[in-house]
Amino acid sequence: MVDLNTYLVIGALLFSLGLFGVITRRNGVAVLMGVELILNAANVNFVAFARFGGMDLSGHVFSLFVLWGWN
Amino acid sequence: MSGQLIIFWIVTLVTVLSAATVVFSKNLIYSAVALLFTLLGVAGLYVFLWADFIAVTQILIYVGGILVLIIFGIMLTHRITSVRLSHSSMQRGVGGAIVLVIFVGLTSMIFRAPWYRVAAVEPQETVRQIGRLLMIDYLLPFEVASVLLLVALMGAALLSRKVD
């Protein structure tokens, strides 16, 4: 029903908003929130490619690594 | 329009709007609470992408761990007695122009690229496959990540200790 491009555009939107937060915010915690948005955008792309690319679940493992590395 | 599609677009709308609130809000606490809804919305997107384990992990780690950590950090570093925990932005025009250019470039790339896609079947179980991949194909990055977390833990303990 929903295509791959939809998820990629959502990821691009999240990435752009996060980048805007990173380069315009003055507070360190707020910059950190922008970084969180960027990482979530990357995760959405990983999982979307794992869903639509017809591969195995390596994309899930990559997004798990992103989650752990941030923690 | 089916019900599933309606729920998908609601989740997407919540995610993107609260992400915009995170970035544009003047109040730091409002940003943190909007980040909560963004992370929950991304977890919902994972559910739509057949990634149930990632969705649960997202809720556990991000919403349960990192967001609480961020709110603790805000409350410990700011004067919580003051009513307005405002935080300002700078160079919004230049930043917005740069980000807009990047977004337009990304979107045109997305719609122009010939993505390789096949009709996938819904996996019966994801946790078993993820576990096999982690313990067989990606064992070395897994161990490196665990060593990294251990080093971060030791570094935090070392930094927070009083030197005598």
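So the sequence lines, in the order shown, correspond to chains A and B. Residue numbering for the first sequence follows this note's numbering, beginning at 38 and increasing consecutively. Residue numbering for the second sequence follows this note's numbering, beginning at 10 and increasing consecutively. All C-beta atoms in this analysis are idealised placements derived from N, C-alpha and C, irrespective of residue type, glycine included. Please read these numbers as outputs of a predicted model, since none were measured by experiment.
{"Asked": "Burial state of residue 92 of chain B, where buried means 16 or more other Cβ atoms lie within 10 Å", "Found": "Summary for residue 92 of chain B: the model assigns pLDDT 48, below 50, so the residue's position carries little reliability; its value from the coordinates is reported in the next sentence. With fewer than 16 Cβ atoms within 10 Å of its Cβ, residue 92 of chain B is classed as exposed."}
{"Asked": "Chain B contact residues for residue 75 of chain A, given Cβ-Cβ distances below 9 angstroms", "Found": "The contacting residues do not exist; residue 75 of chain A stays about 11 angstroms from chain B at best."}
{"Asked": "Coil, strand or helix - residue 36 of chain B by DSSP", "Found": "strand"}
{"Asked": "Cβ-Cβ separation, residue 137 of chain B to residue 91 of chain A (assumed contact under 8 angstroms), whole Å", "Found": "19 angstroms between Cβ atoms; not a contact."}
{"Asked": "Selected residue, minimal CA-CA separation from residue 134 of chain B, among B:33, B:62 and B:35", "Found": "B:62"}
{"Asked": "8 angstroms Cβ shell around residue 39 of chain B - same chain, five flanking residues per side excluded", "Found": "30"}
{"Asked": "Spatial distance of residue 114 of chain B from residue 122 of chain B (CA atoms)", "Found": "12 angstroms"}
{"Asked": "Near-chain B residues of the segment 42-58 of chain A - C-beta to any C-beta below 9 angstroms", "Found": "42, 43, 44, 45, 46, 47, 48, 49, 50, 51, 52, 53, 54, 55, 56, 57 and 58"}
{"Asked": "is_contact[residue 79 of chain A, chain B] using C-beta, thresh 8 angstroms", "Found": "no"}
{"Asked": "Proximal chain A residues relative to residue 67 of chain B, where beta-carbon distance stays under 9 angstroms", "Found": "77, 80, 100 and 104"}
{"Asked": "Proximity below 8 angstroms, CB of residue 105 of chain A to CB of residue 154 of chain B", "Found": "yes"}
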